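Trainee:
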Amino acid sequence: MKKASSIDTDDILYRLITQAVKDGVITITGGVYPPDDRPEGSTAEDIVINTITITHEKPQSGTSNINIYVADKKHKINKREQYKSDRERLREIGDALTEYLDAQNVEDLEFEIEADTVIKEVTEINQHYRNLRISWNIH
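62 is the number that the working numbering gives to position 62 of the sequence shown; each next residue is one higher, with no gaps.
See the structure below:
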């Protein structure tokens, strides 16, 4: 494999995840997007991919993020309406995606999920995202 760029690793993850959605392995209400392509103000269940680093010497290594966005659920707590993460939906989508990615084999590279966390999206939209951090080794 030629030296990979961050665009290449984004493309690999994009192809894998869109195939999982197409095959019904993962069901989301929105879409799968490369960096900066998610529609502004989206409240759909979207998956956004971005590579934050990749080395240029061989063997290459790098780190990518897969962010799974899910709208918060409205709850009444102490007589006040509040928005809290939809942990069940984040779990359902994230676990299906993790299992799918763990089963994939891509020629000349290895990747693994090195971290997994839920983060509140800081916008006027009430949503959280589950961040899967991917570690790459490209031969």
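We put the beta carbon where it would ideally sit given N, CA and C, even for glycine.
Only a predicted model underlies this, so the values are computations on that prediction, with no experimental measurement involved.
#1: Opposite Gln127 in the DSSP bridges: which residues?
#2: Using a Cβ-Cβ cutoff of less than 6 angstroms, which residues in the same chain neighbour Ile52 once the five nearest sequence positions on both sides are dropped?
#3: Looking at the strands, I want to know which residues DSSP matches up with Glu110.
#4: Going along the chain, which residues of its own chain have a beta-carbon closer than 7 angstroms to the beta-carbon of Asp135, five neighbours each way excluded?
#5: Out of Ser42, Thr18, Asp10 and Thr29, which one is the CA nearest neighbour of Glu124?
#6: Using only the alpha-carbon positions, how far apart do Glu92 and Arg130 sit?
#7: What span of residues does the beta strand (DSSP E) with Arg80 cover, start to end?
#8: Determine the DSSP secondary structure at Lys76, reduced to helix, strand or coil.
#9: State buried or exposed for His128, treating a residue as buried only when at least 16 other CB atoms are found within 10 Å of its CB.
#10: Around the C-beta of Ala4, are 16 or more other C-beta atoms found within 10 angstroms, so that it is buried, or is it exposed?
Mentor: This is what the structure gives:
#1: Bridge partners of Gln127 according to DSSP: Ala71.
#2: Result list for Ile52: Thr63, in chain order.
#3: Paired residue(s): Asn137.
#4: According to the sequence shown, residue 135 is Ser rather than Asp. So the list reads Thr63, Phe111, Glu112 and Glu114, once near-sequence residues are dropped.
#5: For Glu124, the nearest C-alpha among the options comes from Ser42.
#6: The alpha-carbon of Glu92 is positioned some 11 angstroms away from that of Arg130.
#7: For Arg80, the uninterrupted beta strand (DSSP E) run begins and ends at Arg80 to Lys84, by DSSP.
#8: Three-state DSSP puts Lys76 in a strand.
#9: So His128 counts as buried.
#10: A residue is called buried when at least 16 other Cβ atoms come within 10 angstroms of its Cβ; Ala4 meets this threshold and is buried.
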